[in-house]
Amino acid sequence: MPRLFTLGLLAALLPSPMLANEVSDAKSVLEMWAPKSVDFSNGTLTVVLPQRRITEEMYTAVLTAGLCLGQAIGKDFSSVSELVILNQFRQQGYVNENGSGDCSRLNSIPAGSDAQRLIILGATHLY
């Protein structure tokens, strides 16, 4: 019995391969922004960028040309329920409450359109 408990505890403490895939996939699609860190925990993907301030344009680009484009080319971010984009100090940024949930809609709308902006900002709050 203690052996089963120990094995169960080890399995719970070891990083899941699925979590590792989320982080490595996110790092690969966000490579052009050179993130300082990418973490995935409890459905939340947190990306820390090396900028002092995250603008709305940067946030929108990371979401549309990064995460959602990654989904369009076969990266699976379906377990991302929330996306947090933060500055290098982890003090300022944006939170998308739908995570990858809106990506299929965003990928079908022309980039930079008002419709795309409304979908993104409708699910966003400041960090």
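Residue numbering for the sequence shown follows the working numbering, beginning at 2 and increasing consecutively.
All C-beta atoms, glycine included, are put in the ideal place defined by N, C-alpha and C.
Remember, predicted model here, so these are calculated numbers, not experimental data.
S114 sits in coil when the DSSP states are folded into three classes, being neither helix nor strand.
In the DSSP assignment, Y95 falls within the beta strand (DSSP E) that extends over 94-97. Straight through space, the alpha carbons of L87 and E57 are spaced by roughly 12 Å. Within the model, the alpha-carbon separation for A62 versus S42 is close to 22 Å.
Taking all protein chains shown into account, D103 has 16 or more neighbouring C-beta atoms within 10 Å of its C-beta and is therefore buried. L119 and E98 have their C-alpha atoms spaced approximately 14 Å apart. Contact between Q93 and I55 is confirmed by a C-beta separation of about 6 Å, below the 8 Å threshold. As the crow flies, the alpha-carbon of S109 is around 32 Å from that of R53. For G71 against L84, the beta-carbon gap comes to about 12 Å, at or over 8 Å, which does not count as contact.
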